[in-house]
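Participant: For the sequence shown, this note's numbering assigns the number 8 to the initial residue and increments by one for each residue that follows. The C-beta atom is built at its ideal place from N, Cα and C for all residues, glycine as well. Note that this is a predicted model, so its numbers are computed, not measured.
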Amino acid sequence: MSIAAALLVVNSVVELPPVVVNGTSASSVYGLPLVAVSRAAASEVPSTEQKHLSFSMLFPSDIVFLFFRGWTQSLYLRLRDWNRCNHRDYQNIARNGGSSGNLHSYLTSMARNQQLDKPAIVFYAMIGNDVCNPSVDTLKSMTTPKEMRTNVLKELKYLDMNLPKGSHVILVSLADGRFLWNTLHDRYHPLGQLNKDITYEQFYGFLSCVKTNPCEGWMNKNETLRNLTTEVGFMLYTKYSIYFWL
């Protein structure tokens, strides 16, 4: 069966290619001058938001093959293979730092006509922003279960009123952000790869020191805090899955 349905995504990919900052390829990248590569990255992915690399919407482009070699795949590409009516019928309205509390402010930018358009498959994926914040007292600044329920209900109501009949919304669970520390803390950060002098643990510590750590709860050497952050996240997403699926 062919599937004709638009993809609407509320999640994002944020990444700055390490080769741009680590100094190990100071003169060129894949034969191109580093200055040209840096400018290409800056113009193609403002503020390092790489929505074209998300799990649902990745599509080939020159910048993808410049920085990322190898196999690529996405839900959009699979839908497009099944039915060419899906060609370029997608929208990613996510932004870096999006949470259930501020999503509605840009959810209204969704472009879908109930009468004229095909149904949409919507991925609602906050990933971790309801528990990630730069606050020193990070646990007190996290979204509460009551706030989560209110926020998600508001957003689902808006989608129900504006999406074509037959659309589906997929609520994506929170990621367990402890993997960041567990896999990276003793590795060299791209800024320290040239001289082997800056690990991710040191970089996270610096961000905390200047109060700019984007996720104080998980990007932190305090194991107890990392575990508590995960507990809060699981509690939020377990509760809203109970609210909306039972």
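Is Asn234 helix, strand or coil when you go by DSSP?
Facilitator: Counted from its first residue, the sequence shown places residue 234 at position 227. Reduced to three states, the DSSP call for Asn234 is helix.
Participant: Let's test the definition: count the other Cβ atoms within 10 Å of the Cβ of Gly135 and tell me whether it reaches 16, buried, or not, exposed.
Facilitator: Residue mapping note: residue 135 aligns to position 128 of the sequence shown, counting from 1. Buried.
Participant: For Lys153 and Ala101, what's the separation of their Cα atoms in angstroms?
Facilitator: Reading the sequence shown from its first residue, position 146 is the one you call residue 153. Reading the sequence shown from its first residue, position 94 is the one you call residue 101. Rounded to the nearest angstrom, the two C-alpha atoms are 23 Å apart.
Participant: Can Val239 and Leu146 be called in contact, C-beta distance under 8 Å?
Facilitator: In the sequence shown, the residue the question calls residue 239 occupies position 232. In the sequence shown, the residue the question calls residue 146 occupies position 139. Closer than 8 Å, so yes.
Participant: Measuring only the C-alpha atoms, how far is Asn169 from Cys222?
Facilitator: Residue 169 sits at position 162 when you count from the first residue of the sequence shown. Residue 222 sits at position 215 when you count from the first residue of the sequence shown. When rounded, the distance between both Cα atoms is 33 Å.
Participant: Hey, could you find the ends of the beta strand (DSSP E) Leu178 is sitting in?
Facilitator: Looking up residue 178 in the sequence shown gives position 171. Run containing Leu178: 175 to 178, per the beta strand (DSSP E) assignment.
Participant: I need the boundaries of the alpha helix (DSSP H) containing Gln209, first residue and last residue.
Facilitator: Your numbering for residue 209 matches position 202 in the sequence shown. It spans 207 to 216 - the alpha helix (DSSP H) in which Gln209 sits, taken as one unbroken run.
Participant: According to DSSP, is Val129 helix, strand or coil?
Facilitator: In the sequence shown, residue 129 corresponds to position 122, counting from 1. In the structure shown, Val129 sits in a strand (DSSP, three-state: E or B).
Participant: Touch check for the segment 112 to 127 and the segment 183 to 203: three-plus C-beta pairs under 8 Å?
Facilitator: Cβ pair count under 8 Å is below three, so no.
Participant: Under three-state DSSP, which class holds Asn169?
Facilitator: By 1-based counting over the sequence shown, the position of residue 169 is 162. In the structure shown, Asn169 sits in a helix (DSSP, three-state: H, G or I).
Participant: Helix, strand or coil for Asn99, going by three-state DSSP, please let me know.
Facilitator: The sequence position of residue 99 within the sequence shown is 92, counting from 1. Of the three classes helix, strand and coil, the one that applies to Asn99 here is strand, per DSSP.
Participant: Would the beta-carbon of Leu243 fall within 8 Å of that of Leu181?
Facilitator: Taking the first residue of the sequence shown as 1, we reach residue 243 at position 236. Taking the first residue of the sequence shown as 1, we reach residue 181 at position 174. Their beta carbons are under 8 Å apart, which means Leu243 touches Leu181 by this criterion.
Participant: Would you mind sorting Cys128 into buried or exposed? The rule is 16 or more other CB atoms within 10 Å of its CB.
Facilitator: Taking the first residue of the sequence shown as position 1, residue 128 is located at position 121. The displayed chain sequence assigns Ile, not Cys, to residue 128. That one is buried.
Participant: Exposed or buried, which one is Asp1 when buried takes at least 16 other CB atoms within 10 Å?
Facilitator: This structure does not reach residue 1, given that the chain is present from 8 up to 253, and the question cannot be answered.
Participant: Hey, how far is the Cα of Glu230 from the Cα of Thr219?
Facilitator: Start at 1 with the first residue of the sequence shown, and residue 230 comes out as number 223. Start at 1 with the first residue of the sequence shown, and residue 219 comes out as number 212. Each residue's Cα considered, the two are about 20 Å apart.
Participant: List the whole-angstrom C-beta distance separating Val176 from Leu166, where the pair is believed to meet the contact cut-off of C-beta under 8 Å.
Facilitator: Here residue 176 refers to the residue found at position 169 of the sequence shown. Here residue 166 refers to the residue found at position 159 of the sequence shown. Contact flag correct, Cβ pair sits at about 6 Å.
Participant: Given that a residue counts as buried once 16 or more other Cβ atoms are within 10 Å of its Cβ, and exposed if not, what is Ala33?
Facilitator: Working through the sequence shown from its first residue, we reach residue 33 at position 26. With a pLDDT of only 47 at Ala33, under the threshold of 50, the placement of this residue in the model should not be trusted, and no figure is reported.
Participant: Rounding to the nearest angstrom, what Cα-Cα distance links Met149 and Glu162 in this structure?
Facilitator: Taking the first residue of the sequence shown as position 1, residue 149 is located at position 142. Taking the first residue of the sequence shown as position 1, residue 162 is located at position 155. Going by the C-alpha atoms only, they are around 19 Å apart.
Participant: So what does Tyr195 bridge to, in DSSP terms?
Facilitator: By 1-based counting over the sequence shown, the position of residue 195 is 188. Paired residue(s): Thr206.
Participant: Assuming Asp88 is part of the alpha helix (DSSP H), what are its boundary residues?
Facilitator: On the sequence shown, residue 88 is found 81 positions in, with the first residue counted as 1. Here the alpha helix (DSSP H) through Asp88 covers 82 to 89.
Participant: Could you have a look at Ser148 and say whether DSSP puts it in helix, strand or coil?
Facilitator: Position 141 of the sequence shown, counted from the start, is the residue given in the question as residue 148. Helix, per DSSP.
Participant: Pick from Thr190, Ser112, Gly224: whose alpha carbon is nearest that of Cys139?
Facilitator: Along the sequence shown, read from residue 1 onward, the residue named residue 139 stands at position 132. When only C-alpha atoms are compared, the closest one is Gly224.
Participant: Between which two residues does the alpha helix (DSSP H) carrying His111 extend?
Facilitator: By 1-based counting over the sequence shown, the position of residue 111 is 104. Segment 111 to 114, the alpha helix (DSSP H) holding His111.
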